[in-house]
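Mapping the sequence shown onto the working numbering, position 124 (from 1) lands on 132, and the numbers just tick up by one.
These notes are about the structure you will find just below.
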Amino acid sequence: MVPMSVAAMRTGYGDAGESRIGQAGGGGLRVLTLRPRRSLTRAVGLPLVALLVPVILTVAWLVSPFGSAAVGLTAAVVVVLAALGVAAYISYQRTEVVVSPHGIVERGFLGRIHSVARRDMAEVLRIDTYRGDTLETVQQLFVVDADGTCLFRMRGTFWDDHSLDTIAEILELEETVRTEPVTLTELRASDPHLLYWFEGRGLRS
């Protein structure tokens, strides 16, 4: 029996910088598993709960004179909202990106599996974009093919800098960093194939 060669496998977690070393077979294959920022659930979830609780209590007080049916309906709505919140939290926790020299496998927020083979990739592109009408920027990473069409995308809102920095290294791709931040409108005009359809991809301003 030929012994299987192994290599260190690093699994990284967003925000905290935690990682663990395991073993991956396959003749020295390096595999990196990335997960989105964990702090985002707290940053979004806690203010949302703080906002909804007073609203729910106020609605419950307003409908109480209309009898038990109205109260029951309000309670049912609260249960549905809570269930949706828990489902969203679980889906976010399960989101991950696995990167290896063979390509990328992404499990998205809705559970959809999206894979891109390394042979289809041509370049990694890093761009800073403005958040809305503010001067605050967020870094975005695009893996593109030879025609400049986006095959895979990561936004700094959800992924930490370490996760973005390792993509080109693992895939052994050339990385282009654009130093000047752009608005979404400018990016839509210069590189429409980088954007999602709901961002007006293909439209010219």
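C-beta atoms are modelled at their ideal positions from N, C-alpha and C, and glycine is treated no differently.
Computed from a predicted model, the values in this text were never measured in an experiment.
Going by DSSP, what residues sit across from residue i in a beta bridge?
i                 : result
histidine 122     : Glu114
isoleucine 135    : Gln148 and Arg186
phenylalanine 160 : Val151
Thinking just about the alpha-carbon of each residue, which of the options is nearest to the one in residue i?
i             : options                           : result
arginine 134  : Phe160, Ala83, Arg127 and Pro44   : Phe160
glutamine 101 : Val107, Gly93 and Ser108          : Gly93
serine 99     : Val146, Val63, Arg43 and Pro62    : Arg43
glycine 116   : Trp167, Ala197 and Pro62          : Trp167
arginine 120  : Ala130, Pro109, Thr103 and Ile64  : Thr103
threonine 181 : Asp128, Thr82 and His170          : Threonine is not the amino acid found at residue 181; the sequence shown has leucine there. Considering only alpha carbons, the answer is Asp128.
serine 108    : His122, Leu70 and Glu177          : Glu177
glutamate 183 : Gly53, Ser76, Glu131 and Leu172   : Glu131
aspartate 169 : Leu40, Thr41, Val39 and Arg45     : Arg45
threonine 41  : Thr187, Glu194, Thr174 and Val185 : Thr174
aspartate 199 : Cys158, Leu172 and Gly80          : Cys158
What number of angstroms, rounded off, separates the C-alpha of residue i from the C-alpha of residue j?
i              : j                : result
valine 67      : alanine 96       : 24 Å
leucine 179    : leucine 89       : 41 Å
glycine 111    : valine 105       : 10 Å
leucine 60     : phenylalanine 74 : 22 Å
methionine 147 : leucine 203      : This sequence places glutamine at residue 147; methionine is not what is there. The alpha-carbon atoms of glutamine 147 and leucine 203 are separated by roughly 14 Å.
glycine 210    : aspartate 141    : Summary for glycine 210: the model assigns pLDDT 47, below 50, so the residue's position carries little reliability; its value from the coordinates is reported in the next sentence. Going from the Cα of glycine 210 to the Cα of aspartate 141 covers about 22 Å.
glycine 33     : valine 39        : Unreliable positioning characterises glycine 33 in this predicted model, as indicated by a pLDDT of 48, which lies under 50. A coordinate reading is not provided.
valine 113     : alanine 154      : 20 Å
leucine 192    : valine 85        : 36 Å
glutamine 31   : valine 57        : For glutamine 31, the pLDDT reaches just 41, beneath the cut-off of 50, and the residue's location in the model is therefore unreliable, leaving the point undetermined.
threonine 165  : leucine 65       : 32 Å
valine 152     : serine 47        : 29 Å
glycine 80     : glutamate 207    : 40 Å
arginine 139   : proline 189      : 10 Å
alanine 78     : glycine 53       : 27 Å
serine 72      : arginine 186     : 58 Å
alanine 125    : alanine 83       : 48 Å
leucine 118    : leucine 70       : 36 Å
serine 76      : valine 63        : 19 Å
serine 55      : tryptophan 205   : Reading off the sequence shown, one finds proline at residue 55, where the question assumed serine. Rounded to whole angstroms, proline 55 to tryptophan 205 spans 30 Å at the Cα level.
Could you round the C-beta distance between residue i and residue j to whole angstroms and report it? I think they count as a contact, below 8 Å.
i              : j           : result
histidine 201  : glycine 156 : 6 Å
methionine 162 : leucine 143 : Methionine 162 to leucine 143, Cβ: 22 Å. No contact.
threonine 145  : leucine 195 : That pair is no contact at about 12 Å.
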